[in-house]
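Asks: Just so you know, we're using full-length UniProt numbering here: the sequence shown kicks off at 1 and counts up by one. Every residue, glycine too, gets a C-beta built ideally from N, C-alpha and C. Structure incoming, see below.
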Amino acid sequence: MAINQTRDDMVDSIISVFRSEGYEGASLAKLSEATGLGRSSLYHHFPMGKEDMANAALDRLGILMGGDILGPLAGPGSARQRLADFGAKISGFYADGRQPCLLDVFSVGDAARLFQDRLRQTNRAFIQAITDLAASTGASPAEAARRGEDALIAIEGALIVSRGLASSDPFRRVLAELPDRVLGTEK
1 MAINQTRDDM
11 VDSIISVFRS
21 EGYEGASLAK
31 LSEATGLGRS
41 SLYHHFPMGK
51 EDMANAALDR
61 LGILMGGDIL
71 GPLAGPGSAR
81 QRLADFGAKI
91 SGFYADGRQP
101 CLLDVFSVGD
111 AARLFQDRLR
121 QTNRAFIQAI
131 TDLAASTGAS
141 PAEAARRGED
151 ALIAIEGALI
161 VSRGLASSDP
171 FRRVLAELPD
181 RVLGTEK
């Protein structure tokens, strides 16, 4: 690894390349440049090459999603406050809607075939966390599940629209409206 670079730093650099280039566009040259590692060093750390790097990126995403990002949903405070805390975390993770979702990037081309099970698991964990929160406030199981799925659809859609418009406004609006959507207090 480059001097003073942890494995998490290296994987964060790899994530950045995947986010900007997609799986197919993330060449070893770009991954090497981003990490500061030569190709042989990359293969030393990731013997299966780009597929290993993508799995490491998804592992890191799973850790971040499970603890830092989804964690507030099961934490202390009112449901509205937990959703606000979650919104702040997800906004930071996606740079206020300017960064693409790694799950989206890995859902097309060869990556979709290679990582479909992992993508499904991550999406289900996200939906379940929102579903659990909605259910805890009295929503029926079916309604809570719908709200969980709708929250993921709204956030992912807002990411795409925000990048397409070169404006964070749609993403910010969805996050601001999220508590009302999940808690069933939409007007």
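(1) Near G148, what residues of its chain come up, given a Cβ to Cβ distance below 7 Å and the 5 sequence neighbours on each side ignored?
(2) For L152, which residues from the same chain have a beta carbon less than 6 Å from its beta carbon, with the 5 sequence-adjacent residues on both sides left out?
(3) Alpha carbons only, please: which of L42, P76, Q121, E21 is nearest the one belonging to V11?
(4) Give every residue of the same chain whose Cβ lies closer than 8 Å to the Cβ of G15, excluding the five residues on either side of it in the sequence, and list them in chain order.
(5) Classify L70 as helix, strand or coil using the three-state DSSP reduction.
(6) For V105, count neighbouring Cβ atoms within 10 angstroms of its own Cβ and tell me buried if that reaches 16, exposed if not.
(7) Assuming residue 191 and L178 form a contact by the criterion Cβ under 8 Å, report the distance between their Cβ atoms to the nearest whole angstrom.
(8) Please state the DSSP three-state secondary structure of Q5.
(9) Expressed to the nearest angstrom, what Euclidean distance is found between the alpha-carbon atoms of Q81 and I63?
(10) Taking 9 Å as the cut-off, decide whether the C-beta atoms of H45 and R7 are in contact.
Replies: In short:
(1) Taking the first residue of the sequence shown as position 1, residue 148 is located at position 148. I127, Q128, I130, T131, A134.
(2) For the purposes of this step, residue 152 is taken as residue 152 along the sequence shown, with counting starting at 1. Cβ within range, chain order: F126, I127.
(3) Mapped onto the sequence shown, residue 11 falls at position 11. Minimum Cα distance to V11 is reached at L42.
(4) Walking along the sequence shown from the start, residue 15 turns up at place 15. This sequence places Ile at residue 15; Gly is not what is there. Here the set comprises A57, R60, L61, L102.
(5) Position 70 of the sequence shown, counting from 1, holds the residue named residue 70. Reduced to three states, the DSSP call for L70 is coil.
(6) Here the question's residue 105 lines up with position 105 in the sequence shown. Flag for V105 reads buried.
(7) The requested residue 191 is not part of the displayed model; the chain covers only 1 to 187.
(8) Here residue 5 is taken as the residue at index 5 of the sequence shown, counted from 1. Correct three-state label for Q5: coil.
(9) The residue labelled residue 81 in the question sits at position 81 within the sequence shown. The residue labelled residue 63 in the question sits at position 63 within the sequence shown. Using only the alpha carbons, I get a separation of about 22 Å.
(10) For the purposes of this step, residue 45 is taken as the residue at position 45 of the sequence shown. For the purposes of this step, residue 7 is taken as the residue at position 7 of the sequence shown. For H45 and R7, yes; Cβs fall inside 9 Å.
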